[in-house]
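**Student:**
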DNA sequence: GCTTTACGCTGTACCGGTTAAGTACGGGCG
DNA sequence: CGCCCGTACTTAACCGGTACAGCGTAAAGC
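Here you go:
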């Protein structure tokens, strides 16, 4: 490997016949440089193909211009993770790119990798850390924030955090409630739900939304709990049907579970939506393609990523107007299943 | 933001009553340090919570311990991208993590971002660059390699590259050929294909595999071209059926297109696999769940990621045994559709 | 005409590590 | 006993930038 010598400031300075400091000012776009000199420097930069060395720059500025995004390396990978995280990454990446910051991706989950993340952030390798974790009880975000490192989370933290961390979340409760109201407005009266895991904010809040809407209507609730996977949705739907063969609608707390539920309903000879209406949550691409296409609550995942990134950029710039919490709206997407 | 002062080598040295150099040697695990001193230093490190500053280290070692992964930011996002890249990322990430290297993610595609990537790599911010691009005609990998920067590509480059770049690919041709032979062995004789875009290696090679197997059997080929999307698969299947209503099998060059084809076949009243056998390529999760479950050629995407990363690690270590090309095996996964 | 002020550039001290060269010291050997 | 040598540490010179103090020059002020 020939790693061609990269030209340094010094080299550019010599060639342009000025001092290192002047070249630095030109490169960093200072205004107080005479036009003639600026042009000469720029020409030298051009000719030598000079690119500033980031390590040297970081050393003195104490900034790296890069931001870490931590993904939980869920030991048992859930299929929906493969739909969720890419969208988050895309959103984050768009926003960071616009700000000319770099994105460093890290997996965390094991306590070993926890340490890794902490040490990494402490080593000053990044200017801030974003958590795409959906498990809100993680102590790491708070720990880093306590150390003065800018942190943003996706999803409201579950523990009321002694050290509060800015977060962005979506309006689970409002979205679910309006979905359930949609079912009620269509005349459904035996509305069940397949809830998500109750140790995640997303699972909890979506169940709350369901309860809210049912309370309003004075109807009895009917809950089965799944773990967001398709298989668990299938099982949960079977249980619901066994408990109440007459149910006429079900709100399912994730699209993957909803697809499992559709399968169970088909197996049980129920027609969707004629016999049973189904509404999911997520609005993944596949939900447009299922049979029938799934009515679902869309959460703006790419926007979550963008928003996280924007908050992060605000934090690293030490702006004071960074909101401690942003809750993005959800939207009911009506298709054939309800 | 209180950015608590991070302790430096100097601080640790003072506390341990030794010189900076000695602390450095302890931290980097040099053997020529007396046990007593080593322990004293380690204790001081512990007490102060010392973490070496990466920028300072990089400045002198000329290594950053991080590797970039470039994803093409396909302007018109294809759904399958959302299945492919996460798997690549996962593979890469596993391997890099094991080697204690960081992963920097960058999107590229626009020529502006091209520049960005080039400057970024040149700035010495990463030790090497991996391209997860599937469009093999990109000049950037070659350009970086020429500058002496370690580069690895996923997918055989299309242009025979004046400056060769190590790559990892899968055995498209062999996998497709065995899929088609599977169809022939089941007695199918009018075997069509829905090919991928002919400006991508994956599209070209998979078509070649189909042709190879059909040539062997002395059968006529029947080709429609899609662009790897579900919709294009649906359209292509319609064309194939219109051209030859008697066809009894089709190899489809991607799972997404295969799902479109299944739809078109259903619309046309054909039963799968009774009337028409269908085989896809990719083995995405959804293919297990389709109706009928899709027989498909699996490509080991996570392994591709791992392999890329391993090659990259070899390159940055300047090992001489880094293979210029690795071709991973594909595997026919037989389900109900063929 | 001489001082004051502003401007624009240079010199240089850092940033926090690594590492080659230098030094102190104890032990083996002639 | 003096010499040499290896071991284990310290000293100091970088790495490649940034930023601040300082200085020369020219325009403005009186």
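Protein chains in written order, with the working numbering: chain A, -18 to 319; chain B, -18 to 319. Here a beta-carbon is modelled for each residue, glycine too, at the ideal position from N, C-alpha and C. Since the model is a prediction, treat every value here as computed from it, not as a measurement.
Looking at residue 260(B): is its Cβ nearer than 8 Å to the Cβ of residue 283(B)?
**Tutor:** Taking 8 Å as the Cβ cut-off, residue 260(B) and residue 283(B) do not qualify as a contacting pair.
**Student:** Among 276(A), 123(A), 148(A) and 139(A), which has the Cα closest to the Cα of residue 133(A)?
**Tutor:** Per the Cα distances, 148(A).
**Student:** Could you tell me the distance, in whole angstroms, from the CA atom of residue 231(B) to the CA atom of residue 166(B)?
**Tutor:** Each residue's Cα considered, the two are about 14 Å apart.
**Student:** Is residue 113(A) close to the ligand GTP? I mean its beta-carbon at under 7 Å from any heavy atom of the ligand.
**Tutor:** No copy of the ligand GTP occurs in the structure displayed, which carries no ligand at all.
**Student:** Can you confirm whether residue 105(B), when its beta carbon is compared against all beta carbons of chain A, has any partner nearer than 8 Å?
**Tutor:** It does: the Cβ of residue 105(B) has a partner Cβ on chain A nearer than 8 Å.
**Student:** Residue -3(B) and residue 22(B) - do their beta-carbons sit closer together than 8 Å?
**Tutor:** Yes. Within cutoff.
**Student:** Could you give the first and the last residue of the continuous beta strand (DSSP E) run that contains residue 109(B)?
**Tutor:** Where residue 109(B) is concerned, the enclosing beta strand (DSSP E) stretches over 109 to 112.
**Student:** Over the uninterrupted alpha helix (DSSP H) stretch that includes residue 292(A), give me the two end residues.
**Tutor:** From DSSP, the alpha helix (DSSP H) with residue 292(A) extends over 282 to 297.
**Student:** What does residue 83(A) pair with, by DSSP beta-bridge criteria?
**Tutor:** In the DSSP output, where bridge partners are listed per residue, residue 83(A) has 47(A).
**Student:** Would you identify the three-state DSSP class for residue 271(B), choosing helix, strand or coil?
**Tutor:** Looking at residue 271(B) - three-state DSSP - the assignment turns out to be coil, as it is neither helix nor strand.
**Student:** Shortest alpha-carbon distance to residue 170(B) belongs to which of 145(B), 188(B), 186(B) and 202(B)?
**Tutor:** Among 145(B), 188(B), 186(B) and 202(B), the Cα nearest to that of residue 170(B) belongs to 202(B).
**Student:** Under the three-state reduction of DSSP, which class applies to residue 13(A): helix, strand or coil?
**Tutor:** Residue state, collapsed to three classes: coil.
**Student:** Anything in chain A within Cβ reach of residue 227(B), meaning under 7 Å, just list it in chain order.
**Tutor:** The premise fails here: residue 227(B) is roughly 28 Å from chain A at the closest Cβ pair, so nothing lies under 7 Å.
**Student:** Going by the CB atoms, is the gap between residue 72(B) and residue 311(B) shorter than 8 Å?
**Tutor:** For residue 311(B) and residue 72(B), no; Cβs fall outside 8 Å.
**Student:** Tell me whether residue 279(A) sits in a helix, a strand or coil according to DSSP, three-state version.
**Tutor:** If DSSP states are grouped into helix, strand and coil, residue 279(A) belongs with the strands.
**Student:** Using a C-beta to C-beta distance shorter than 8 Å, which residues of chain A count as neighbours of residue 63(B)?
**Tutor:** Near residue 63(B) (Cβ distances below 8 Å), the residues of chain A are 63, 64, 67, 68 and 266.
**Student:** Which of the three DSSP states, helix, strand or coil, is assigned to residue 340(A)?
**Tutor:** The structure shown has nothing for residue 340(A), since chain A only spans -18 to 319.
**Student:** Out of 78(A), 273(A), 143(A) and 238(A), state which residue places its alpha-carbon closest to the alpha-carbon of residue 251(A).
**Tutor:** Selected option, being the one with the closest Cα: 273(A).
**Student:** In chain B, what lies closer than 9 Å to residue 23(A) by C-beta?
**Tutor:** Per Cβ cutoff of 9 Å: no residues; residue 23(A) is ~15 Å from chain B at best.
**Student:** Out of curiosity, what's the CA-to-CA distance linking residue 315(A) and residue 239(A)?
**Tutor:** Roughly 14 Å between the two C-alpha positions.
**Student:** According to DSSP, simplified to helix, strand and coil, what is residue 315(A)?
**Tutor:** Coil, per DSSP.
**Student:** Assuming residue 103(B) contacts residue 32(A) under a Cβ cut-off of 8 Å, what Cβ separation, rounded to an integer in Å, is found between them?
**Tutor:** Going by Cβ atoms, the distance from residue 103(B) to residue 32(A) rounds to 4 Å, so yes, they are a contact pair.
**Student:** Could you name the residues of the same chain whose beta carbon sits closer than 7 Å to that of residue 185(B), not counting the 5 residues immediately before and after it, in chain order?
**Tutor:** Only 179 meet the Cβ criterion.
**Student:** May I have the straight-line CA-CA distance separating residue 11(B) from residue 67(A), to the nearest angstrom?
**Tutor:** The straight-line gap from Cα to Cα measures roughly 41 Å.
**Student:** Using the beta-carbon count (16 or more within 10 Å), is residue 0(B) buried or exposed?
**Tutor:** Exposed, since its Cβ has fewer than 16 Cβ neighbours within 10 Å.
**Student:** In whole angstroms, give me the CA-to-CA distance for residue 173(A) and residue 65(A).
**Tutor:** Residue 173(A) and residue 65(A): Cα-Cα distance of roughly 25 Å.
**Student:** Within 8 Å (strictly less), CB to CB, does residue 35(B) reach chain A?
**Tutor:** It does: the Cβ of residue 35(B) has a partner Cβ on chain A nearer than 8 Å.
**Student:** Does any residue of chain A bring its CB to less than 8 Å from the CB of residue 303(B)?
**Tutor:** It does not; no Cβ of chain A falls within 8 Å.
**Student:** Thinking C-alpha only, which one of 164(A), 176(A), 144(A) and 100(A) is nearest residue 153(A)?
**Tutor:** When only C-alpha atoms are compared, the closest one is 176(A).
**Student:** Using a beta-carbon distance below 8 Å, is residue 39(A) in contact with chain B?
**Tutor:** Residue 39(A) counts as touching chain B.
**Student:** Scan the segment 209 to 244 of chain A and note each continuous beta strand (DSSP E) run of 3 residues or more that stays entirely inside, going in chain order.
**Tutor:** If we require 3 residues or more, the beta strand (DSSP E) runs fully inside the segment 209 to 244 of chain A come out as 230 to 233.
**Student:** Mapping DSSP to helix, strand and coil, what is residue 3(B)?
**Tutor:** Here residue 3(B) sits in helix by DSSP.
**Student:** Kindly indicate the opening and closing residues of the beta strand (DSSP E) around residue 175(A).
**Tutor:** From DSSP, the beta strand (DSSP E) with residue 175(A) extends over 172 to 176.
**Student:** So, is residue -16(B) buried or exposed, given that buried needs 16 or more other C-beta atoms within 10 angstroms?
**Tutor:** Any reading at residue -16(B) must be qualified, since the residue scores a pLDDT of 47, below 50, and its modelled position is unreliable; the value itself is stated next. Exposed, by the Cβ-count rule.
**Student:** For the segment 286 to 295 of chain A and the segment 186 to 196 of chain A, state whether three or more C-beta atom pairs, one from each stretch, are separated by less than 8 Å.
**Tutor:** No, the segment 286 to 295 of chain A does not touch the segment 186 to 196 of chain A.
**Student:** Classify residue 52(B) as helix, strand or coil using the three-state DSSP reduction.
**Tutor:** Residue state, collapsed to three classes: strand.
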